[in-house]
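Engineer:
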Amino acid sequence: MATLAPPPPASGVLAHGLPAGTRAPELDLPSTPDGRRVKLSDQKGSPAVLVFYPGDFTPVCTNELGLFNELMPVFGQFGAKVFGISCDSLWSHIAFAKELHIQIPLLSDFHPKGEVSRRYNVYREDVGICERALYVIDGKGVIYWSYVSPIELNPGADGVIDALERLTGKQMEFPTFQPQQQPPQPEART
């Protein structure tokens with residue numbers, strides 16, 4: 018049964034996110050690569066993963082989004098759509114995605130600033146960014162699993178994958194990654 022969302026945190030107080038069982042608040046945000054709007058309600062029938070992150074081009078966020086991007090084939094096994102969300106502008110998202118070859122749609126919660134992040138109870142009023150938070154939303158629009166990470170730590174994807182396995186009843190199949198080519202070795206001189 019869905020519960021009502023708690024009030025947003027006061028200024029300077031760290032957010033705690035929305036708990037499992039809460040109806041996921043609607044979102045309607047512009048997205049990379051072309052500014053088309055993404056609505057959560059359009060994802061009904063399949064799981065959605067929301068990856069809230071503080072900002073483009075920051076070290077931990079770069080690592081986190083790179084990981085989720087690399088694991089897109091794994092999330093596809095569960096029929097899940099993954100979306101990154103921050104309070105950066107769409108232009109920042111486009112540059113970030115282009116530079117890092119990120120295929121995950123990045124949604125801009127820039128205007129009105131942090132509106133969706135506030136609905137998910139992960140907005141930091143004192144600094145104008147969102148917390149580092151993960152949500153797995155079921156096909157009916159209810160939060161199945163959520164986690165707010167310490168902002169300085171990459172939470173990884175294990176919790177998301179575990180939640181998707183429990184939600185869908187499927188086990189993850191490990192993708193076959195091609196090893197990177199080794200650089201040529203210098204010839205030995207005699």
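Sequential numbering of the sequence shown, starting at 18, is according to the working numbering. Heads up, the beta-carbon is just placed ideally off N, CA and C, and yes, glycines get one too.
Are the Cβ atoms of Y164 and L184 separated by less than 8 Å?
Structural biologist: No, the Cβ-Cβ distance between Y164 and L184 is not below 8 Å.
Engineer: In the DSSP output, what is L57 paired with across the bridge?
Structural biologist: The partner list for L57 (beta bridge, DSSP) is empty, contrary to what the question assumes.
Engineer: Please state the DSSP three-state secondary structure of F95.
Structural biologist: Of the three classes helix, strand and coil, the one that applies to F95 here is coil, per DSSP.
Engineer: Kindly indicate which residue of D45, V159, L181, A180 has the alpha-carbon position closest to the one of V55.
Structural biologist: Answer by Cα proximity: D45.
Engineer: Taking just the CA atoms, how far does T39 sit from V99?
Structural biologist: Approximately 19 Å, taken between the alpha carbons.
Engineer: Could you check whether the region 47 to 65 touches the region 168 to 175, counting it as contact only if at least three pairs of C-beta atoms, one from each stretch, sit closer than 8 Å?
Structural biologist: Segments in contact, no.
Engineer: Please check the pair T49 and H110, which I expect to be a contact at CB under 8 Å, by giving their CB distance rounded to whole angstroms.
Structural biologist: About 5 Å; that satisfies the 8 Å criterion.
Engineer: Can you give me the start and stop residues for the beta strand (DSSP E) that R40 sits inside?
Structural biologist: R40 -> no beta strand (DSSP E), and no H or E assigned at all.
Engineer: Could you give the DSSP three-state label for G83: helix, strand or coil?
Structural biologist: Here G83 sits in helix by DSSP.
Engineer: Please report the residue range of the alpha helix (DSSP H) in which A114 lies.
Structural biologist: Start and end: 107 to 117.
Engineer: Exposed or buried, Q60, counting other C-beta atoms within 10 Å across all chains shown (16 or more means buried)?
Structural biologist: Buried, because 16 or more other Cβ atoms sit within 10 Å of the Cβ of Q60.
Engineer: How is V66 classed by DSSP in three states: helix, strand or coil?
Structural biologist: Reduced to three states, the DSSP call for V66 is strand.
Engineer: Among residues of its own chain, excluding the 5 on either side of V77, which ones have a beta-carbon nearer than 6 Å to its beta-carbon?
Structural biologist: Only N171 meet the Cβ criterion.
Engineer: Using the Cβ count rule (16 or more neighbours within 10 Å means buried), how would you classify R80?
Structural biologist: The question names Arg, but residue 80 is Asn in the sequence shown. By the 10 Å Cβ count, N80 comes out exposed.
Engineer: Look at A97 and V66 and say whether their C-beta atoms are less than 8 Å apart.
Structural biologist: Yes, Cβ-Cβ distance for A97 and V66 is below 8 Å.
Engineer: Quick check on the DSSP output: the beta strand (DSSP E) that includes I121 runs from which residue to which?
Structural biologist: Element bounds for I121: n/a, residue is neither H nor E.
Engineer: Is I160 helix, strand or coil when you go by DSSP?
Structural biologist: I160 falls in the strand class under three-state DSSP.
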